[in-house]
Amino acid sequence: MGKTRVVNIITDLNIGGAGKVLQNFYSNCSHEDFEHWVILPKGSLLVEILRDKGIRVVAFEHLAAKSFSLKSIGPLIKLLKKIKPDIVHTHACLSGRIAASLCGNVVVMYTRHCVYEPHPIAKSFIGRALGWAVFSMFSDRAIAITPASMKNLTSTGIPGKKVDVLMNGTEPLRRMTEKSRSKTRESYGIKEDEFVFTMLGRLEEIKGHRYFIKAARIVSEKAPKARFLIAGEGNTGNELRKMAMDLGDRIIFAGFIKDVYKVINITDVLVNASYGTEASSLAIIEAMSLGKPVIASDYGGNPYQVEDNVTGLIIPQKDDKALAEAMLRLMKSKNMYGQMSIKSVDVFRERFTAAIMAANIEDIYRKSVKKDV
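Quick note, the working numbering runs 1 ahead of the 1-based positions in the sequence shown.
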């Protein structure tokens, strides 16, 4: 029996969470059992990265950088008929699902990479019936990257038996030498005896940076050795910088960071204060790979990644006082911090490596083709 031909379709021009997941998958996938293809928009930053991994990449000028484009469907059908895939796996590309379903004799699946509260109409009887109909016409299976994503899907009519929950995985971050770590801390003006809380990600309202800044004010009054680092850029950048002016050099806006591992290496505790779209944070599990405890809001997939009082602390979303209390707890209790640090690495190795994720995805591929869903 020949290889199973799998085509992934992604519409991202920049490298977001879904793009990073694909990179991790292709770094750990099987080339013996599967022939891997990727279709993405011409000009996507992922093109050369994936080609360097030995993947057959089609930079398709007819693929729009959005989920649905009527003009993309016809050209995609022609392209897929040339490739003749056994499976088409899409990421935020409804056009790809429609095109694949119209090709015939192809297993069509997609991954839900985000979490959001569905509109009440989508959860109504009519909305659920429409959701079921659209899914049945254009998809065979769905992958939810957290149980929270699965709840989103099933609440809008997608049959639970057609959804696989598969948590994201990543490569462990490289641990810096003490010399390199000290030099990096020094470059940000951080002293060796200071305790660093870090937020990573784009500066958008739903990421909760304002609650991080409010919590930083509370912590600063009680813990002079605390420092706060925000890495990333986005629409709320100027507003957040103005909001944090009273903190002076206690808070650092590092801007966009290419080598994220350096920032996480100099971090003591990673903070995720999101209250929207957060499904499966790669930053959380990357921090865990280095033994960094995480304080995370109770939104979306966070509670499924961070085990409260084991690998970190879960706090209510939009609650700066609870966040500040959690920060102070981890600063003051070296024993708690040390236990969480050890457990974080253990849990990462047991659940969140890229190799585990890749094996789970391939298992779904095998079952889907065997069952001829």
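Quick reminder that beta carbons are idealized off the backbone N, C-alpha and C, glycines included.
C-alpha distance - residue i paired with residue j, whole-angstrom precision
| i | j | result |
| --- | --- | --- |
| Y338 | L331 | 6 Å |
| V374 | S342 | With a pLDDT of only 47 at V374, under 50, the local geometry of the prediction cannot be trusted, and the value read off the model is given with reservation. Approximately 43 Å, taken between the alpha carbons. |
| F1 | I357 | Lying outside 2 to 374, the shown extent of the chain, residue 1 is not represented and no answer is given. |
| N29 | K243 | 43 Å |
| H63 | S73 | 6 Å |
| K259 | H120 | 36 Å |
| G302 | G202 | 16 Å |
| K319 | E49 | 39 Å |
| V370 | W133 | 22 Å |
| K184 | I214 | 26 Å |
| C94 | G233 | 26 Å |
| M246 | R218 | 11 Å |
| N9 | F349 | 26 Å |
| F229 | F196 | 8 Å |
| I16 | A149 | 23 Å |
| D87 | G105 | 10 Å |
| G313 | I296 | 6 Å |
| L248 | S345 | 30 Å |
| E308 | T199 | 19 Å |
| D347 | L291 | 10 Å |
| E33 | K85 | 18 Å |
| R98 | V107 | 10 Å |
| G3 | F353 | 30 Å |
| I122 | V220 | 42 Å |
| D159 | R113 | In the sequence as displayed, the identity of residue 159 is Ile instead of Asp. So the alpha carbons of these two residues sit roughly 12 Å apart. |
| R6 | R57 | 11 Å |
| G44 | M110 | 25 Å |
| S275 | M289 | 18 Å |
| V39 | G55 | 11 Å |
Burial state of residue i, where buried means 16 or more other Cβ atoms lie within 10 Å
| i | result |
| --- | --- |
| A91 | Note that residue 91 is Thr in the sequence shown here, rather than Ala. Under this definition T91 is a buried residue. |
| K180 | exposed |
| I231 | buried |
| F136 | buried |
| M138 | exposed |
| E287 | buried |
| K208 | buried |
| D13 | buried |
| N273 | buried |
| K67 | exposed |
| G161 | exposed |
| P317 | exposed |
| S334 | exposed |
| F26 | buried |
| D321 | buried |
Where residue i sits in the DSSP three-state scheme
| i | result |
| --- | --- |
| F126 | helix |
| V8 | strand |
| D269 | coil |
| T155 | helix |
| F198 | strand |
| E172 | coil |
| L23 | helix |
| V374 | Caution applies to V374, whose pLDDT of 47 falls short of 50 and renders its modelled position unreliable; the value that the coordinates give is listed next. The answer is coil: DSSP assigns V374 none of H, G, I, E or B. |
| N312 | The question names Asn, yet the displayed sequence has Thr at residue 312. Looking at T312 - three-state DSSP - the assignment turns out to be coil, as it is neither helix nor strand. |
| R203 | coil |
Rounded Cβ spacing between residue i and residue j (contact assumed at less than 8 Å)
| i | j | result |
| --- | --- | --- |
| I144 | I365 | 7 Å |
| G235 | E205 | 5 Å |
| A101 | L80 | Actually they do not touch by this definition, with Cβ atoms about 10 Å apart. |
- prompt: If we count Cβ pairs, one from each stretch, closer than 8 Å, do we get three or more for the segment 236-245 versus the segment 143-155?
  reply: no
message: Check whether the segment 166-186 and the segment 259-268 touch, using three or more Cβ-Cβ pairs below 8 Å as the test.
response: yes
task: Evaluate the contact criterion for the segment 158-170 versus the segment 187-197: three or more CB pairs, one atom per stretch, below 8 Å.
output: no
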